[in-house]
Structure formats: C-alpha cells, structure tokens
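> One rule links them: number in the working numbering = place in the sequence shown (from 1) + 2. Let me begin by handing over the structure; questions about it come next.
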Amino acid sequence: MLPLELKELIDKYCTGVQPTVGQLDDIVSVIYFLQADAKEAMEYMQIRMASTTKEEEK
Numbered sequence: 003m004l005p006l007e008l009k010e011l012i013d014k015y016c017t018g019v020q021p022t023v024g025q026l027d028d029i030v031s032v033i034y035f036l037q038a039d040a041k042e043a044m045e046y047m048q049i050r051m052a053s054t055t056k057e058e059e060k
C-alpha cells in the first residue's frame, strides 16, 4: 500500500493530466525517500491520469 503522502502528491499532480518533468521528478524523489513500491506508484499514477480532472467533476 502506498504511503498517504505519496498518494496525495500523485493526486495533486496527476489527476486527469500528465505530470510535468519537474512534478515527475518530485514524485520519484518521494518514492525513493519513503522507500515505497515504485511499480505500485506508477500503476496508481496511470489510474489518476486516466481519471477526470477536478474541474470536469463539477
């Protein structure tokens, strides 16, 4: 299971959009800092990118 901090960061940067290179670097840094499962994080990122944006949800 992904740490809450990482999930929140992915939600912030990836909900309905592709993260920028800088944002992706931040995510990767947090993955390594928290020693999280990189494969699980990338799968979660794919799910969030495929979802609707916060504006579309309104």
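Note that beta-carbon positions come from the ideal geometry of N, C-alpha and C, so glycine has one too. Remember, predicted model here, so these are calculated numbers, not experimental data.
Would Gly18 and Thr55 qualify as a contact pair, given that the criterion is a beta-carbon distance under 8 Å?
Yes, these two residues count as a Cβ contact at 8 Å.
> Exposed or buried, what is Ile49 when buried is set at 16 or more other beta-carbons lying within 10 Å of its beta-carbon?
Classification of Ile49: exposed, given that the 10 Å Cβ count is below 16.
> Between Tyr15 and Ile29, which are expected to be in contact by the criterion C-beta below 8 Å, what is the C-beta distance as a whole number of angstroms?
Their Cβ separation, rounded to whole angstroms, is 7 Å, which keeps Tyr15 and Ile29 in contact under 8 Å.
> May I ask you to report which of helix, strand or coil DSSP gives Asp23?
It is Val, not Asp, that sits at residue 23 in the sequence shown. It is helical.
> Quick check on Val11: buried or exposed, where buried means 16 or more other Cβ atoms within 10 Å of its Cβ?
The residue asked about is misnamed: residue 11 is Leu in this sequence, not Val. So Leu11 counts as buried.
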